[in-house]
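Asks:
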Amino acid sequence: MKEAPLVEHLEELRARLLWSLLAWAVMTGVAWTFRVPLLDWLKRPLDLAAKQNGIQVNLIVLDITEPFLVSLKVAAFGGLVLALPFIVYQVWAFIAPGLYEHEKRLAAPFLLGAGFSFALGALFAYYGFLPFAIPFLLGFLGDVVTPQISIGRYMGQVLMMMTVMGLVFEMPVVSYLLARLGLLSSSFLARNWRIAVVLLLTLAAVITPTVDVVSLSIVTGPLLVLYWLSVLVARLAERARPKEEAA
């Protein structure tokens, strides 16, 4: 007896998810061998903040499992970056059978755009936010105290921020793709900008280590720019659809 279409789609979705997880696991193993240089690279904003404030900052471990868990987090992040093109391809391969031929030609731009956008968002968090936020947060007490920071908490906050910003920077790419497929309209995005502002402010408050105005502004500003850029690219995608449909 032939399986129902829904069951077939669920089976394919399960297979795509398993392949994506396997790729992430393999790339995590590759990144594990470079965990020490990655740790040193992720620690540089903290070293720079200490130098700017003229203080000494010590990263400490609070229990015997923390070095292993931190190494695993760093390797998992590196593995996600390395496996992202394959994971995005699995997403595309799942939806591609239901697309027209002219829509399938979006595969290469989508894959390249998704990878580039994630990297750009992660680098923005590293170079654009952390060098301002960390010195600001550590500078309140000057050299009165010597900060003793858990390496697990520090790496967790840095990696979460880089991951979330990488995903948020996918907004224009996803908006363009959905608009080209007729699943999203620029008018819908423009009409609901107030709701988007509230959601983006909430997201900025979640991913920043503090709720001070400076940190929120540094994060919220680019998020709002990304949202209106998503509106613009969705409008451009809508203009391209009639030509493709006519062809």
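Going by numbering that gives the first Met the number 0, the letters in the sequence shown line up with residues 0 to 246, in that order. All C-beta atoms in this analysis are idealised placements derived from N, C-alpha and C, irrespective of residue type, glycine included. Everything numeric in this text was worked out from a predicted model, so none of it was measured.
Cα-Cα, which of Ser-216, Thr-219 and Val-172 is closest to Ser-229?
Replies: On the sequence shown, residue 229 is found 230 positions in, with the first residue counted as 1. In terms of CA proximity to Ser-229, Val-172 leads the group Ser-216, Thr-219 and Val-172.
Asks: Assuming the contact rule is C-beta atoms closer than 8 Å, Ser-216 and Glu-169 should be a hit. Round their C-beta distance to whole Å, please.
Replies: Here residue 216 is taken as the residue at index 217 of the sequence shown, counted from 1. Here residue 169 is taken as the residue at index 170 of the sequence shown, counted from 1. The pair is not a contact, with the Cβ atoms about 22 Å apart (cut-off 8 Å).
Asks: Considering only C-alpha positions, which residue in the set Val-224, Val-73 and Gly-155 is nearest to Ala-189?
Replies: For this step, residue 189 is matched to residue 190 along the sequence shown. Selected option, being the one with the closest Cα: Val-224.
Asks: Under DSSP, the beta strand (DSSP E) around Ser-184 begins and ends at which residues?
Replies: On the sequence shown, residue 184 is found 185 positions in, with the first residue counted as 1. Unbroken run through Ser-184: none, as it is neither H nor E.
Asks: Do you know whose CA, among Tyr-226, Thr-207 and Val-73, lies nearest Leu-136's CA?
Replies: Stepping through the sequence shown from its first residue, residue 136 is reached at position 137. The shortest C-alpha separation from Leu-136 is found at Thr-207.
Asks: Tell me whether Glu-2 sits in a helix, a strand or coil according to DSSP, three-state version.
Replies: For this step, residue 2 is matched to residue 3 along the sequence shown. In this prediction, Glu-2 scores a pLDDT of 48, lower than 50, which makes its location untrustworthy; no coordinate-derived value is stated.
Asks: For Gly-78 versus Val-29, is the C-beta spacing smaller than 9 Å?
Replies: Taking the first residue of the sequence shown as position 1, residue 78 is located at position 79. Taking the first residue of the sequence shown as position 1, residue 29 is located at position 30. By the CB criterion at 9 Å, Gly-78 and Val-29 fall inside the cutoff.
Asks: According to the Cβ coordinates, are Ala-178 and Glu-237 closer than 9 Å?
Replies: Here residue 178 refers to the residue found at position 179 when the sequence shown is read from its first residue. Here residue 237 refers to the residue found at position 238 when the sequence shown is read from its first residue. In this structure, Glu-237 lies closer than 9 Å to Ala-178 by Cβ.
Asks: Under 8 Å: do the stretch 6 to 25 and the stretch 44 to 59 share three or more Cβ pairs, one atom per stretch?
Replies: no
Asks: Whole-angstrom Cβ separation of Ala-203 and Leu-231, contact assumed at under 8 Å?
Replies: Indexing the sequence shown from 1 puts residue 203 at position 204. Indexing the sequence shown from 1 puts residue 231 at position 232. Not really, about 21 Å apart at Cβ, beyond 8 Å.
Asks: Should the stretch 14 to 31 be called in touch with the stretch 39 to 55, which here means at least 3 C-beta pairs below 8 Å?
Replies: Under the Cβ criterion (8 Å, minimum of three pairs), the stretch 14 to 31 does not count as touching the stretch 39 to 55.
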